[in-house]
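Chains as they are written, first to last, in my numbering: chain A, 3 to 440; chain B, 100 to 961. All residues carry an ideal CB built from backbone N, CA and C; glycine is no exception. All values reported here derive from a predicted model rather than from experimental measurement.
This is how it looks when you write it as structure tokens:
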């Protein structure tokens, strides 16, 4: 059995019902209470997102300050249910623009009911694609009252498109200027031991696209990945050009990508949805270029003093720079006083997260920066126990850099009317969970 | 459209003036919410009350208005009504006004109105009738959008006596030109099936759906047909052969290939459904298997994780019989699974990790080189860390043990104490499954030097297990363990482990007797029986090895043990004492026999259970790590959960009174079994049983009586009861042979039982005493079930532990009338009473039946 949700609830952090939608009669009426008392008001909250109470299973997810709870009474497909919630949130966001939180829900509850009606019927997921739903759920989010005049425009064959074969694109789109924006966004995950060896490192990347193209264009994307290049050289029977090729561990594509063609020709070809979407996701574990090296030394001087020394080196190209670099160095709870010396940026002690937070707005490539801090601790009467040091965490964004080395080789747009398009490509690498033990 | 909100609204009595009706129920609704104070600010409520009547007034004014802008003000009003509804305030009073306003062309207004109607129709069937007319009209609208919406709402009213109005719109909906309407109509059939299965079959809807599924051009319509047919045939399969056959045809090669060929037309959710169906398909030969796998391979690259998992299930199940291919499939699946783990929210990765966990446990070898993927991130939630730790433990082998153990040791200092404990246990488990444990033992011993209570505690338990398997390590371990001050060990498990080691290796630990002596001196402070038991045994062992040093301590231990209030401790002390008295060498043989090293520790889950979970891949079973029958079947759930559902249903029946009161069934649901046991007594004897509606004075008159006549079976019915009491009649008289005959082969399936229980009113509800013999025999529910069965009263569900048992029983009249009696019987053995509730198809016979039931119960244990 797939999802077959009996009910779906939106609750705020206090447990007040924001939205409730019962799809089936097979669960009792007091499910919210059960959830509140058995999960929200106990330590159970956060220990496991799937819980069983009295024959019903609760699958819940927290999104900003809202819990979305799906109640099922059968042996449901969990992955499908969570994915459904995640997709539903994406849909809601696309309707009321950006934020999805308690206020947004309160302001748009009629719209949400309307959407819940369409995206799920009798507990079975139906169509969740924002492009299609927007054709016939025309009630605009309260955020943009002035755009409502567009919605008055009749969409003659909306319902024909609702379930059509190319579910993600409407026919008859027209743009004056045909543009494609392509972003490669990578997040680097790193786990480094205190001795400086890399325990685990991978890059999960995604290619985001924004298409403003008329008609039904066919797009073809070429990357410098190994499989694609090998295939190409086979087809054209010429050796692989020198230069770095990237081995992708795993790739997943948006439903618009013709997977059969990817498997046979190793090219990514697709008819894109209109507007913004995620074209593909990939994962790389080999040959990752780490943008930063972190060299921490932490000395505990007696019971009440600590010396923290952190050196950060940027190892990407000298012409590039990183933005919004934040280094969080955990310190013990009983920290009383801190003093800093930094070569760039600003550092301060944040007591609520027990961390020294060092921020550098702009960090050029091939440079290094250090922070040295003295931490004074309140001496405690309790027997001295060795303090377990959580890892140093780091945040950053490096534009025009990919940790994987992935590059776009070409992006071809073909449409029967043969218009010209402008293509834009951007790269950015962000820190995923970048942890250095110390 | 929408069924009733969270709490069941009670229909108000018609005698009350209509202006107030909505308010009273809503008050009780708020009380039921168990968080009443939040809403129950009086001024808020009062203003609400006037607001609702205000709304009504405004709606009425707008109803006929054709003025420009009327729709906008209607929208505002409707919004307010819906928002009250969401919060749980009863706005059903405005029903007729809402219906009057629904004559509009504004689609948003219509939707809000449908939502409102769907929400209240079930509690106000008479008012729902008002809406039929306009819904039917909308079903014939020119706009397919409106046709679809109206049809959906019409099917969602869920009022049984309006079923007749559904059939014709549904049949025309299934043949509608617009796929949107067809899509809605298909699910409408399922809704109809749940209201009235017979109407659904009589109109031959399943056959038309089957036809539609194989011919419709629209993918979503096909998918919905499949949803509906699967659900209907699965539910019907136990009842009829034909349904079973129909279910089989869904899995025929023809249907499967038809769906496979169209799979790319379907949206991601429908693909999940189809893939799930395919995973049940039994391929004819290996070509068949490879064809399907080739066709589906690209699904592994789908962006939707649910589709990927569903595909994985197909692959795994298709290749079950081909060992080598099955292994290749594992290799192929690894990459997509690992990607899925890393993408999406932590809840999503938890769902995926659970599946990965299952696969890792099945074939740890295949994942041994991927161990780095299971390293925990500092920020991972604990439920993810826990799964990862288990996987790391499972995949540890000669080549990666060093790295894995090093990593696990990092977690031992984790801030999250449960995870730290878990990782120490993981190190221990790895040690127990490896041959080369050298390095690991060293690590474990280092833990002991960390001087953290919980680390020490966990490690001690592990060292104990380790010594049982590798006695050769005793020398190294003992040296370190000997240094641990027993004062620093507080947890019973760890203390017991330490004491066990002291006893077992007292020869090698010079001060073992003195440590034991110390512990024995503090015997009275020791709360855990487990520790005291170990203390006794350790003292014995130590005595047998080093008699002179231990003699005093053993004496003290035995004396304290014999005086102990815990039965087991007392018994063990006595046993040792007598053994020593009898013959010391025999005692030696009993207490200190030569031990064999344990080679394998028992696996917690049987392989059969594991295979069942694997069969249910991609469902909750994998997350719960138990097969579905253990959490979906009523019998396997806790004892009180079944009653809770029935309680809920019966409450709907009985709660016609408006008085605010707490929903007891609610309380049942919310208390866990263990809590329930603690206060089980009062709630079972008192009037607090779910749905129990006897007046209090009646109940209190009953209590003294039953305490007087505790051991005698009471033969009473509701009417004669008071008289018997007055006259002080002896209850000893044997029950009169009842005239009623019961069918000894009566059969009733749980579903019907539950439905009947919900529909019927309580005809008799009484507390009857149980004989002491009966109480004595009632060690397990089965005893009573067998006894009642001999009396033609059958059990459908039971559960509980001493002293509380609960039974749902039924019996059938043996006159061919198929009239059933349903009984809920809650037995409390400590008070020797049974709380009996009888519901009957034929209420007039229920007295006779109750007498029969009572006489049967009174003979129990004789």
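- Relative to the Cα of residue 335 of chain B, the nearest Cα in the group B/554, B/419 and B/299 belongs to B/299.
- From the beta-carbon of residue 307 of chain A, no residue of chain B is found nearer than 8 Å; the closest lies around 21 Å away.
- In the structure shown, the three-state DSSP call for residue 200 of chain B is helix.
- Straight-line measurement puts the Cα of residue 932 of chain B at about 59 Å from the Cα of residue 279 of chain B.
- Contacts between residue 292 of chain B and chain A, judged by CB atoms closer than 9 Å, are missing: the closest CB pair is about 10 Å apart.
- Taking C-alpha positions only, residue 162 of chain B is separated from residue 199 of chain B by approximately 6 Å.
- Fully enclosed beta strand (DSSP E) runs of no fewer than 3 residues occupy 323-332, 337-344, 348-352, 357-366 and 370-379 of the stretch 321-388 of chain A, in order along the chain.
- Out of B/479, B/527 and B/942, the CA that lies nearest to the CA of residue 566 of chain B is found in B/527.
- At a Cβ-Cβ threshold of 7 Å, residue 543 of chain B and residue 522 of chain B do not count as neighbours.
- Taking 7 Å as the cut-off, the beta carbon of residue 365 of chain A is found closer than this to the beta carbon of residue 324 of chain A.
- It is roughly 15 Å from the alpha-carbon of residue 83 of chain A to the alpha-carbon of residue 723 of chain B.
- Within chain B, 399, 400, 401, 402, 403, 404, 407, 435, 438, 439 and 442 have C-beta atoms less than 9 Å from the C-beta of residue 254 of chain A, given in sequence order.
- The stretch 645-653 of chain B and the stretch 622-630 of chain B do not touch, with fewer than 3 CB-CB distances between them shorter than 8 Å.
- Beyond the five residues adjoining it in sequence on each side, residue 391 of chain A comes within less than 6 Å, by CB distance, of 440 in the same chain, given in chain order.
- Contact between the stretch 21-34 of chain A and the stretch 78-95 of chain A is absent, with fewer than three C-beta pairs closer than 8 Å.
- Beta-bridge analysis with DSSP links residue 413 of chain A to A/223.
- Annotation for residue 850 of chain B: the continuous alpha helix (DSSP H) segment containing it runs 849-858.
- By a beta-carbon distance limit of 8 Å, residue 438 of chain A contacts residue 194 of chain A. Their separation comes to about 5 Å.
- At a cut-off of 7 Å, the C-beta of residue 59 of chain A has a neighbouring C-beta in chain B.
- When Cβ-Cβ separations below 7 Å define contact, residue 193 of chain A makes contact with chain B.
- In the DSSP assignment, residue 505 of chain B falls within the unbroken alpha helix (DSSP H) covering 500-511.
- Secondary structure of residue 223 of chain B (DSSP, three-state): coil.
- If the five residues before and after residue 349 of chain A are omitted, its C-beta is found closer than 8 Å to the C-beta atoms of 342, 358, 359, 360, 361, 373 and 375, all from its own chain and listed in chain order.
- Using a C-beta cut-off of 8 Å, the stretch 445-464 of chain B makes no contact with the stretch 293-311 of chain A, since fewer than three inter-stretch Cβ pairs fall below that distance.
- With a cutoff of 7 Å on beta-carbon distance, residue 7 of chain A and residue 72 of chain A are scored as near each other.
- Counting C-beta pairs with one atom in each stretch, the stretch 167-186 of chain B and the stretch 105-115 of chain A have three or more that are closer than 8 Å, which means they touch.
- DSSP lists no beta-bridge partner residue for residue 431 of chain B.
- Using a C-beta cut-off of 8 Å, the stretch 397-406 of chain B makes no contact with the stretch 416-424 of chain B, since fewer than three inter-stretch Cβ pairs fall below that distance.
- In terms of Cβ geometry, residue 467 of chain B and residue 494 of chain B form a close pair [threshold 7 Å].
- Beta-bridge pairing by DSSP links residue 282 of chain A to A/209 and A/255.
- Chain B places no beta carbon closer than 7 Å to that of residue 102 of chain A, leaving this residue out of the contacts.
- Not flagged as an interface residue toward chain A: residue 856 of chain B, since no C-beta distance is shorter than 7 Å.
- For residue 7 of chain A, the secondary structure class from DSSP, reduced to helix, strand or coil, is coil.
- Taking CB atoms only, residue 512 of chain B has a neighbour in chain A less than 7 Å away.
- Taking a Cβ-Cβ cut-off of 8 Å, the neighbours of residue 251 of chain B in chain A comprise 119 and 123, given in sequence order.
- Listed along the chain, the chain B residues whose CB falls inside 7 Å of the CB of residue 112 of chain A are 178, 181 and 211.
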